[in-house]
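S.K.: Supplied in structure tokens, the structure appears directly below.
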Amino acid sequence: AGVLELASEPMYCLGQRHLALRLRIATETLATLVRCAATYALFQSGSGTDAKTIFGFAQLGYSCVFFIGHSLYLVYILPTLRKKDQAGGWFNREVFQLSCSFTVQALWKLLLAEGEKAVVLLVSHPTDQGVYGLVSNLGSLFVRIVLTPFEESAFHTFSRAQANQQFGSAAGKRELKSEAQLLSLLLRLCTLAGLVVASYGVSYAHFCIRFLYGPHWSGTDAVAVLQLYSVYVFFLALNGITEAFVHSKSSSSELRAQNKWLLFFSIANLVCGIVFQKYFGSSGIVLAGCVNMSFRIIYSSTFIRTYFQGIPEVRILSNALPPTKVSATLLATLGVGTLSGRMFLRLSGEMFVLASAAHVAVAVLSLGALFFFIWKFDKSFCQQMESLRKGDIVITKVDASKGA
């Protein structure tokens, strides 16, 4: 399964490069359905196969569908591709250097991800390990399903643009302004999504743990850790879109400098994780992640300010926050959800079903009210999102030779 997914990677990157979002949605959805169906069928077959083997066969089915889907896409798009670069031949030194820089960066990010697990295993109590494992698997669902594909698509979208902040032509400035407007819109979207997850995560963490894992886990620190993880998702959303832009616009030398900073952030994350875990338990690992994301967001924000310094009329970072009335509505939904959660705790014993239905109904009503206030008091954002959905907001390409 691993070999098949690795063989699919070049074709997957090609699809991302051409913004073939439907390809990704179709292949991953079908592959996931095949994996679930295979797991269910093998468990129900009564063959006595070991559970690990069953999951292995199911993952093999997922990989086969993933590989076949991307292979068909390659056959479809292959006639439209140029056989080789007329200017640089088959080997492009600049692309090779960029690939090396991205490889080093991927290793540091892997160190960051595995470093958290190392901290959990080395210095935490087995109970804290179980709590953190449960919460990280649950809380990362939104990150894997929504944020990661969104960030990858944003990276490839910005990578297609050829503008540079040194271009002095009017066309170059227009493209910079177009990029700034798109980045500002995506930042606003990520900020709003992160705030919604943080607001409802804090209010409904206890309900989620109780509903999914039962009263035993809802009586542990898992609720508090999940609440903090919901806030952590907000930092992940902001960091994801800002780093996607930074990576798409960085040269080889800038990527090498970023890798050095990423090493520093990795070490700081490990130190904070060890210290915070000692005082705050499982919550300390998540808190260390919030600190690490804050450092990376600040670094990316500095790069973005420098990149767009030629167009001061576009305030990208300040426009990322929603209007005051929308922010007030978010706080109101947090307060309403918290009050509803306290009532849920009182009734979740003998009247669990009724209390759960009422608690979820409050969430649905408050979320509907939030969307209404966004539409009412942030119409420009809604109009821009509609234009983006229709493809009206695009980044025009500028010829570098003319821009210079």
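For the sequence shown, position 334 (counting from the first letter as 1) is numbered 520 according to our numbering, and the numbering increases by one without interruption. Here a beta-carbon is modelled for each residue, glycine too, at the ideal position from N, C-alpha and C. None of the values given here were measured: they were computed from a predicted structure.
Buried or exposed: glutamate 365, going by 16 or more other Cβ atoms within 10 Å of its Cβ?
M.R.: Answer is buried; the Cβ neighbour count reaches 16.
S.K.: Taking its Cβ as the centre, do 16 or more other Cβ atoms sit within 10 Å of phenylalanine 450, making it buried, or is it exposed?
M.R.: Exposed is the call here.
S.K.: Verify whether the separation of the beta carbon atoms of phenylalanine 567 and arginine 374 is less than 8 Å.
M.R.: Yes, these two residues count as a Cβ contact at 8 Å.
S.K.: Can you give the Cα-Cα distance for alanine 206 and glutamate 195, rounded to whole angstroms?
M.R.: Each residue's Cα considered, the two are about 14 Å apart.
S.K.: For serine 345, I'd like the list of residues in its chain whose CB is within less than 7 Å of its CB, leaving aside the five on either flank, ordered along the chain.
M.R.: Excluding sequence neighbours, serine 345 sits near Ser434.
S.K.: Taking only the alpha-carbon atoms, compute the straight-line gap between glutamate 191 and glutamine 245 and give it to the nearest angstrom.
M.R.: Spanning the two alpha carbons is a distance of roughly 10 Å.
S.K.: Could you give the residue range of the alpha helix (DSSP H) that holds proline 508?
M.R.: Per DSSP, proline 508 belongs to no alpha helix (DSSP H) and is neither H nor E.
S.K.: Is the segment 409 to 428 in contact with the segment 479 to 490, if contact means three or more CB pairs nearer than 8 Å?
M.R.: Verdict: yes, contact present.
S.K.: For the 8 Å Cβ check, are there 3 or more pairs between the segment 374 to 394 and the segment 518 to 528?
M.R.: In short, these stretches touch, since the Cβ pair count reaches three.
S.K.: Taking 8 Å as the threshold (C-beta atoms), are phenylalanine 559 and threonine 524 in contact?
M.R.: Not a contact, by the Cβ cut-off of 8 Å.
S.K.: Within its chain, find whatever has a CB closer than 6 Å to the CB of phenylalanine 462; leave out the 5 residues flanking it on each side and keep chain order.
M.R.: Same-chain partners within the cutoff: Gly470, Leu473, Ala474.
S.K.: Does the beta-carbon of threonine 343 have 16 or more other beta-carbons within 10 angstroms, so that it is buried, or is it exposed?
M.R.: The residue in question, threonine 343, is buried, as its Cβ has 16 or more Cβ neighbours within 10 Å.
S.K.: Taking the C-alpha atoms as reference points, what is the distance between leucine 293 and serine 439?
M.R.: Straight-line Cα distance between these residues: approximately 17 Å.
S.K.: What are the boundary residues of the alpha helix (DSSP H) that aspartate 314 is part of?
M.R.: Start and end: 312 to 328.
S.K.: Have a look at Thr235, Tyr259, Pro265, Ala410 and flag the residue whose alpha-carbon is nearest the alpha-carbon of serine 322.
M.R.: Minimum Cα distance to serine 322 is reached at Ala410.
S.K.: Between Gly242, His392, Leu414, which lies nearest to phenylalanine 229 when the distance is taken from Cα to Cα?
M.R.: Among Gly242, His392, Leu414, the Cα nearest to that of phenylalanine 229 belongs to Gly242.
S.K.: Starting from threonine 213, trace the alpha helix (DSSP H) both ways and give me its first and last residue.
M.R.: Unbroken alpha helix (DSSP H) run through threonine 213: 207 to 230.
S.K.: Excluding the five sequence neighbours on either side, which residues of its own chain have a C-beta within less than 6 Å of the C-beta of leucine 284, listed in chain order?
M.R.: Closer than 6 Å at the Cβ level, and outside the excluded window around leucine 284, lie Ser438.
S.K.: With a threshold of 16 other CB atoms inside 10 Å of the CB of tyrosine 465, please say whether the residue is buried or exposed.
M.R.: It is exposed - the Cβ of tyrosine 465 has fewer than 16 other Cβ atoms within 10 Å.
S.K.: How would you write the range of the alpha helix (DSSP H) that glycine 234 sits in, first residue to last?
M.R.: First-last for glycine 234: undefined, no H or E at that position.
S.K.: By DSSP, does alanine 187 sit in helix, in strand, or in coil?
M.R.: In this structure, alanine 187 counts as coil in the three-state DSSP scheme.
S.K.: Could you tell me whether the segment 249 to 263 touches the segment 217 to 224, using the rule of 3 or more Cβ pairs below 8 Å?
M.R.: Yes, the segment 249 to 263 touches the segment 217 to 224.
S.K.: Taking DSSP as the reference, what is the three-state secondary structure of glutamine 351?
M.R.: Low per-residue confidence applies at glutamine 351: pLDDT is 45, beneath 50, and the placement is therefore not dependable enough to give any value.
S.K.: Looking only at its chain, what residues have a beta carbon closer than 7 Å to the beta carbon of glutamate 338, apart from the 5 residues adjacent to it on each side?
M.R.: Cβ within range, chain order: Gln202.
S.K.: With C-beta atoms as the reference, is glycine 255 less than 8 Å away from leucine 333?
M.R.: Going by C-beta atoms, glycine 255 is not nearer than 8 Å to leucine 333.
S.K.: Nearest to arginine 208 by alpha carbon, out of Tyr259, Leu540, Thr235, Ala237?
M.R.: Closest option to arginine 208, Cα to Cα, is Tyr259.
S.K.: Determine the contact status of glycine 316 and aspartate 407, defining contact as a CB-CB distance below 8 Å.
M.R.: No, Cβ-Cβ distance for glycine 316 and aspartate 407 is not below 8 Å.
S.K.: By Cβ distance below 7 Å, which residues in the same chain neighbour lysine 565 in space, the five residues on each side in sequence not counted?
M.R.: Contacts found: none.
S.K.: Which residue wins for smallest C-alpha separation from serine 573, given the options His204, Leu327, Leu368?
M.R.: It is Leu368 whose Cα lies nearest to the Cα of serine 573.
S.K.: According to DSSP, simplified to helix, strand and coil, what is serine 480?
M.R.: Serine 480: helix per DSSP, three-state reduction.
S.K.: Terminal residues of the continuous alpha helix (DSSP H) containing glycine 554?
M.R.: From DSSP, the alpha helix (DSSP H) with glycine 554 extends over 538 to 563.
S.K.: May I ask you to report which of helix, strand or coil DSSP gives arginine 346?
M.R.: Arginine 346 falls in the helix class under three-state DSSP.
S.K.: Let's see if you can read the secondary structure: which residues bound the alpha helix (DSSP H) around valine 417?
M.R.: Taken as a continuous stretch (DSSP letters only), the alpha helix (DSSP H) holding valine 417 covers 408 to 435.
S.K.: In terms of alpha-carbon separation, which member of His392, Gln291, Leu412 lies closest to arginine 532?
M.R.: Arginine 532 has its Cα closest to that of His392, out of His392, Gln291, Leu412.
S.K.: Taking 8 Å as the limit between beta carbons, can you name the residues of its chain near tyrosine 390, skipping five residues before and five after?
M.R.: Within the same chain, tyrosine 390 has close Cβ partners Gly523, Gly527, His545, Ala549.
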